[in-house]
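Contents: one structure, followed by commentary.
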RNA sequence: GGGCGAGUGGCGAAAUGGUAUACGCGCUAGUCUUAGGAACUAGUGGAGCAAUCCGUGCAGGUUCAAGUCCUGUCUCGCCCA
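Numbering (the working numbering), first residue to last: 63 to 897.
Shown next as structure tokens:
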């Protein structure tokens, strides 16, 4: 890169983005332009937040898009007089660092921090209006100390607990996974099949807040509908009944959960999950061996394979019967893998006539199918054979005293009977599980717990935090956390009795780290608390959160859980962290997903070097709305660069006409081209402001900027200072400032502007002055465009109608037909209806 | 199978029920130039010499007027089963 650009800037020869950008970035950093005074209270607060990156090595275009969007919003709000908080940090614990350590023998910390240094440099090159003094990294002691504090906070409130349970195990990652991290039976990270393992693990009690997590969704008006829906489906509340079926000849009762108690007279058998603890106890000797074989086979199947409706059903009878408490009837008990032990009670009553999977199972094993619900209004033929399960609600038939009731009423009465007679009750069931947070990995926050032979499970006292990650570990071990290989870590005195005890060697899921980082940004250097509650009250919730849709459930739900838990004891005032959420689309390359294997990665460094950050920012906002996928095309980037060059020429070519201190004449006194220019300016400012305020429609914002510049380049302001022209240029630069901050700032200064555009106020606009003096009227005959004419705006409807009817083309079209109706839309259109 | 969303030029895409294709990419022709992969100018949905006709996945409907609203249907995407 040439170094002689300083001269050409002074000569305002041509657009030199690299020199301009470096110059302003340096100046902004030195003057602390983007520092947020958190205590300042004159301006209303605005918290703009991007999902912080994992420091994988280098920035990718998805990052560039994400942070550009948030940056434009932050700058836009600052120019509207808000005190903006726009922080950045690093989600810096995680597996890749550990894998790099194994492969290249580099300590995870070294790998991570060198990546952070590189990516921070890249982000600074992008020109973000970020307050870097608030930077956090979740892998640093001054952060994970407080993550541990959070763990203990939850532990003390009974929201963190340890239990043995069958958990998701990813062989590839050598660790367990939370339910949310298993997608279609595969690991969210590496797509390998997840198996079940029975382990003693730490959980966060997300189910404690199931109802609140669900209910609060209604208040999140600023979230995309589909994210709300995904969370709602994930929590999946179902209201039903738990009913106990006695086992024939044994003193054992099997509770089942059903959402359809109205179908209970149609039960013809019962199914237990193969892992159900009662199976061992119940199975008759004849079946024991084959049942054991079946259980072994089940372990190899994924949840997806087990529950898919289109999969062939398998199962075995246990050779015993259960008694339906409503009918007294004995029904066979089976096991099958389509029933999951984690869901409900791990046992279902099977009603093949009214449940698809039960129907498929009954058909395969020739179990009876008994119809007890019929569509309301249809004459009942209970004996008729069903071709498929009827799963809709309806009217009960062949159901004893409940016959004739509709499903809703029957559910209620049948459940009440169970309650009255003591063999069941109403039950609300959620699909949401508790969050499994233990990980058998090294590069994460150590769980601050000590196990003492005398005192049991003992939390590490606050004053002993952080529990530091040891460095003397062996990364090559499998199946246990590498932390467990550290000789210095494993043993520690019990905080209660002082005798030698064992430390917990698992670390926390990295989603724990990211569940509260937005709070730490507000008070990042606090050494005595995770944050000062007073400041949180002042700054939360996040006004605009921007990130990928892939976190629709995981990160967003965990964060909501944290806020609820913290708000319950007043650490936060609000219980929802993110007021508005924007989920940006992916960045594609020529219509395909960017990936290393396809070799179609666009490297931000190369773009910065060739065109500059402003071109990258401008382009990535230009072609699609932020929510949609964005296609990166080389030729289109060049087009954007050329456009910025045109902006440069446009603003620099008539410098003598620009003087920002001139007073604008009154609108009524403007005439001719000047008046038109003023109208153009007002229209552009108004349109762009609306586009940003309503939907963050940056693609149309950019098309409006282009139209305005196209117009301005042809405008001849003359040699003398021109107030209206200067006003137009000032407006253009302010409108562009959030998107191309360096270019706008440079041109602002070249044109004689003072100070930072960042702190200038957003241009005002007058709706009255957006209207052109002349308008084109479209004339339709019977709804088809036949003619157009141009007139002064604001003419009355009757005049427009009269003018339209006199047009030769219109007269010709009407011919000898009768005009039955005329519709006039002022300043726009006349439609003549003739028959 | 259920829910949600989307289908508009060669491509990315615009359009409070009111001129469909703004803005851009690409393409064509021209001007300037030693040169052009720079800049500028003009053109660019389809058919037709033309008047004109046809055009927003498909089929209907409501309306003076439908890309937009309603009903059905097909395809694709996502989520849930």
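Cβ coordinates follow ideal geometry from the N, Cα and C atoms, glycine included. No experiment lies behind these values; they were computed from the predicted model shown.
Taking 4 residues as the shortest admissible run, the stretch 685–729 contains the following complete alpha helix (DSSP H) segments, listed from N- to C-terminal end: 696–714.
In the structure shown, the three-state DSSP call for residue 654 is strand. According to the DSSP assignment, residue 263 belongs to the beta strand (DSSP E) that extends over 256–266.
For residue 86, the enclosing alpha helix (DSSP H) covers residues 79–93. For the 8 Å CB-CB criterion, residue 550 and residue 532 form a contact. For residue 298, the three-state secondary structure derived from DSSP is coil. By the Cβ test, the stretch 664–678 is in contact with the stretch 183–193, since at least three Cβ pairs between them sit closer than 8 Å. Residue range 350–361 is occupied by the alpha helix (DSSP H) that includes residue 351, with no beta strand (DSSP E) assigned at that position.
For residue 496 against residue 266, the beta-carbon gap comes to about 6 Å, under 8 Å, which counts as contact. Pairing residue 751 with residue 762, the inter-Cα distance amounts to about 11 Å. Scanning 232, 892 and 473 for the CA closest to the CA of residue 455 turns up 473. The criterion of a C-beta distance shorter than 8 Å is not satisfied by residue 604 and residue 127. Note on geometry: alpha-carbon atoms of residue 368 and residue 426 lie some 16 Å from one another. From the listed residues 375, 409, 304 and 379, the smallest Cα separation to residue 477 is found for 304.
With a cut-off of 8 Å on Cβ pairs, the stretch 354–364 is in contact with the stretch 331–340, counting three or more such pairs. Around the beta carbon of residue 885, a 10 Å sphere encloses fewer than 16 other beta carbons of the protein chains shown; the residue is thus reported as exposed.
For residue 847, there is no enclosing alpha helix (DSSP H); the enclosing beta strand (DSSP E) covers residues 846–854.
Taking the Cα positions, residue 291 is about 9 Å away from residue 279. The continuous alpha helix (DSSP H) containing residue 870 extends over residues 870–876. For the set 824, 846 and 856, the Cα lying nearest the Cα of residue 830 is the one of 856. Under the 8 Å Cβ criterion, the stretch 782–794 counts as touching the stretch 709–727, having at least three qualifying pairs.
Residue 107 is positioned such that its CB atom lies no closer than 8 Å to that of residue 319. Shortest Cα-Cα distance from residue 636 to any of 250, 642 and 625 involves 625.
Scanning the stretch 377–431 from its first residue to its last, the whole beta strand (DSSP E) runs of 3-plus residues come out as 378–385, 392–397 and 409–412. In the DSSP assignment, residue 893 falls within the beta strand (DSSP E) that extends over 891–896. Contact check between the stretch 385–395 and the stretch 298–316: three or more CB pairs, one atom from each, fall below 8 Å, which counts as touching. Nearest neighbour of residue 578 by Cα position, chosen from 214, 715 and 209, turns out to be 209.
When rounded, the separation of the alpha-carbon atoms in residue 465 and residue 331 is 21 Å. Judged by their CB atoms, residue 115 and residue 153 are nearer to each other than the 8 Å cut-off.
For residue 522, the three-state secondary structure derived from DSSP is coil. Taken in chain order, the complete alpha helix (DSSP H) segments of 4 or more residues contained in the stretch 182–270 are 203–218.
The beta carbon of residue 827 lies closer than 6 Å to those of 744, 747 and 748 in the same chain, with the five residues before and after it left out.
Look at residue 548 here: in three-state DSSP terms it is coil, with no helix or strand label. Spanning the alpha carbons of residue 616 and residue 193 requires a straight line of approximately 27 Å. Nearest to residue 282 by C-alpha distance, out of 644, 484, 740 and 879, is 644. With distances taken between CA atoms, residue 325 lies nearest to 452 out of 452, 296 and 348.
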